[in-house]
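Quick note: the sequence shown uses this note's numbering, first residue 520, plus one each step.
Report on the following structure.
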Amino acid sequence: MAFTQATAPTGLRTSRGLSADNSIPERHIVVATIRTAAPRLGLSSSVISTLEAMLSCLAPKRNHHTVFASNVTLSFRRNGISDRTIRRHAATLQEIGLLVRHDSPNRKRFTRHSGDGGKALRFGFDLSPVFDRLHEIAAMAADVMREKEQIGYLRTKIRAVANASLLDNPDDDIALDILRTLRRKLTLQDCEHILAEL
């Protein structure tokens, strides 16, 4: 992997996610938002749990979003998952744009301050993109919730129509087949198609 050097003035905000009063969204809110938006982001629950472990290594009050914890520490916070899994999850987060890797020459994660205290080099997992994209991710989460509500509404409507048909004809094969179909997980398109066929 190419060596990337991150330089930022010490004491200054390094991300748009940090407001003037250093107010940072609560970790549980960030994680819950990402979990809800997971279908849009293409993230598994396991990768999100690793991201949560990374976020837990950040101080509540800070001027950066870089994680310096070793894979051993992250593994401990993830109940003992392998180093290989952590690296795979980090690569996934990097691919979808939620993490930037700043690797030191020896791959250690640390901060090195300049002699006059004016600047700092930070090597580690930079999670600034998570906070930079939080509004975008929240919009994705809201879209997922709206779709779930719509699916729930359509499933209820389909069930009501099928049950009404069975009252008139208990042997209605189409209605019985529809009720069996409702046992499966259906997409919005599936529900709309079924309803259109009724």
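Idealized CB from N, CA, C, for every residue including glycine.
So what does residue i bridge to, in DSSP terms?
{"i": "GLY643", "result": "HIS621"}
{"i": "THR555", "result": "DSSP output for THR555 lists no bridge partner at all."}
{"i": "PHE629", "result": "PHE642"}
{"i": "THR585", "result": "ASP645"}
Nearest to residue i by CA position, among the options, is which residue?
{"i": "SER565", "options": "MET573, HIS608, ALA578", "result": "HIS608"}
{"i": "ASN582", "options": "LEU646, ASN598, SER623, SER633", "result": "LEU646"}
{"i": "LYS627", "options": "ALA694, PHE587, MET664, GLU655", "result": "PHE587"}
{"i": "GLN708", "options": "GLU666, ASP687, ASP691, PHE595", "result": "GLU666"}
{"i": "ASN598", "options": "SER568, VAL550, ARG702, ILE553", "result": "SER568"}
{"i": "GLU614", "options": "VAL649, LYS638, SER589", "result": "VAL649"}
{"i": "ILE670", "options": "ALA578, ARG703, HIS584", "result": "ARG703"}
To the nearest whole angstrom, what separates the beta carbons of residue i and residue j, a pair I think is in contact under 8 angstroms?
{"i": "MET659", "j": "LEU570", "result": "MET659 to LEU570, Cβ: 15 angstroms. No contact."}
Roughly how many angstroms separate the alpha carbons of residue i and residue j, rounded to a whole number?
{"i": "HIS632", "j": "PHE642", "result": "12 angstroms"}
{"i": "ILE693", "j": "LEU685", "result": "9 angstroms"}
{"i": "LEU673", "j": "GLY616", "result": "34 angstroms"}
{"i": "PHE629", "j": "PHE644", "result": "10 angstroms"}
{"i": "PRO689", "j": "GLU711", "result": "24 angstroms"}
{"i": "LEU705", "j": "ALA572", "result": "32 angstroms"}
{"i": "LEU562", "j": "ASP635", "result": "42 angstroms"}
{"i": "VAL591", "j": "CYS576", "result": "12 angstroms"}
{"i": "ASP718", "j": "SER594", "result": "Since the first residue shown for the chain is 520 and the last is 717, residue 718 is missing from the structure and cannot be characterised."}
{"i": "LEU653", "j": "VAL549", "result": "8 angstroms"}
{"i": "ALA679", "j": "LEU701", "result": "12 angstroms"}
{"i": "GLU545", "j": "ILE553", "result": "13 angstroms"}
For residue i, which residues from the same chain have a beta carbon less than 7 angstroms from its beta carbon, with the 5 sequence-adjacent residues on both sides left out?
{"i": "ILE697", "result": "ILE677, ALA681, ILE713"}
{"i": "VAL663", "result": "THR555, ALA556, PRO558, ARG559"}
{"i": "THR611", "result": "VAL566"}
Skipping 5 residues on each side, what residues in its chain have a beta carbon closer than 8 angstroms to that of residue i?
{"i": "ILE605", "result": "THR569, ASN590, LEU593, SER594, ARG597"}
By Cβ distance, which residues of its chain are closer than 6 angstroms to residue i, with the 5 residues on each side in sequence left out?
{"i": "ASP691", "result": "SER684, LEU685"}
{"i": "LEU574", "result": "ARG546"}
Quick one: does residue i have its CB under 8 angstroms from some CB of chain D?
{"i": "ALA658", "result": "In the displayed structure, chain D is absent; only one protein chain is listed."}
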